[in-house]
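One structure is given below, encoded as structure tokens.
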Ligand code: NAD
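So, in structure tokens, the structure goes:
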């Protein structure tokens, strides 16, 4: 049975969302500036459609001006770049997000880098990545998923992680690498693991803070977890389970929750952990962008 504290990302995100709504109302009243978030989606990927819908709904609930641009699957690179250019120049838009992945004929990097850094609320522009890596967090937009993970880690362990070992499994530009930069900034001793890492369980067992961002269902077992560790499960994996003789879809993380919860000091569930925090961090970045404009 679980000994661990379950980190309730849904509740944390709801509290943050309330605070953002209040700050938004104050900004509108004081300056007339209403935070604007533009989401661009290309094609029909069902998971992306769900994410975009959630982002739009949350933006509206926070009192933002929220626009969605849905482009057909066969859109040209020029058409997407032209839309990004329009949004870059639209004063009502403070944050631009292009939902990834894009259809394979499009150049994801060129499109991501076309968003002006001041509206890059996903934090994927090289300028924002550079500032984060250099430790200049004030002027940068930090990618939403690691930013949300960091708040959950801080809630458990405080802002100063001196003397603690942090192990991140996964080296993506969206999660693993920016997560490492944030943990390093907070004085943790950071190890990044990936598909070529030797004896991953042994490295993971050294972690006071273990972040799993791989995309493999229940990969992290109980005996990978140091007793008392804080475990952050970023993975979202859809698996099929049998319930009363019927096959149903279920969302699980990269961590075997039941096993890990028996060892960990604190752990995020899937769903209800990192996911809701990611969305609210997008709102936080967009509000910050609007406040800078005002
Ligand atoms: P990615 O595919 O870009 O990166 C996966 C990383 O895992 C790679 O660096 C790879 O080296 C590593 N890896 C693959 N197999 C491995 C193995 N056997 N052992 C060790 N490392 C291995 O994925 P991503 O975009 O970083 O996303 C990771 C997971 O997090 C996915 O499940 C994704 O859906 C989820 N995710 C969730 C949120 C959220 O809001 N909750 C946000 C972003 C991503």
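Numbering (our numbering), first residue to last: 27 to 320. A virtual CB, placed ideally from N, CA and C, is assigned to each residue, including glycine. Note that the structure is a prediction, hence the values are computed from the model and not measured.
Kindly provide the chain-ordered list of residues whose Cβ lies closer than 5 Å to any non-hydrogen atom of the ligand NAD. 171, 196, 197, 198, 200, 201, 220, 221, 239, 240, 241, 260, 261, 262, 300, 301 and 304
Using only alpha-carbon positions, find the residue among 254, 211 and 205 that is nearest to residue 187. For residue 187, the nearest C-alpha among the options comes from 211.
Measure the alpha-carbon distance for residue 48 versus residue 284 and round it to whole angstroms. For residue 48 and residue 284, the distance between alpha carbons rounds to 37 Å.
Does DSSP put residue 125 in a helix, a strand or coil? When secondary structure is reduced to three states using DSSP, residue 125 falls in the coil class, being assigned neither helix nor strand.
Residue 31 beta carbon less than 7 Å from that of residue 292: Result yes, Cβ atoms of residue 292 and residue 31 sit closer than 7 Å.
Rounded straight-line distance, which links the Cα of residue 288 to that of residue 59: When rounded, the distance between both Cα atoms is 48 Å.
Quick one: give me the first and last residue of the alpha helix (DSSP H) that residue 180 is part of. Per DSSP, the continuous alpha helix (DSSP H) segment holding residue 180 begins and ends at 170-183.
Tell me the DSSP secondary structure of residue 156 in three-state form. helix
Report the option in 84, 301 and 223 whose CA atom is closest to the CA atom of residue 170. Between residue 170 and the set 84, 301 and 223, the nearest pair of CA atoms involves 301.
Considering only residues of the stretch 33-114, which uninterrupted beta strand (DSSP E) runs meet the minimum length of 3 residues and lie entirely inside it, listed in chain order? 62-68 and 91-97
Rounded to the nearest angstrom, how far is the Cβ of residue 217 from that of residue 229, given a contact under 8 Å? 6 Å
Member of 278, 310 and 150 whose CA lies at the smallest distance from the CA of residue 40: 310
Mapping DSSP to helix, strand and coil, what is residue 263? strand
Determine the direct distance from the alpha carbon of residue 147 to that of residue 204, and round the result to whole angstroms. 14 Å
Taking only the alpha-carbon atoms, compute the straight-line gap between residue 256 and residue 72 and give it to the nearest angstrom. 32 Å
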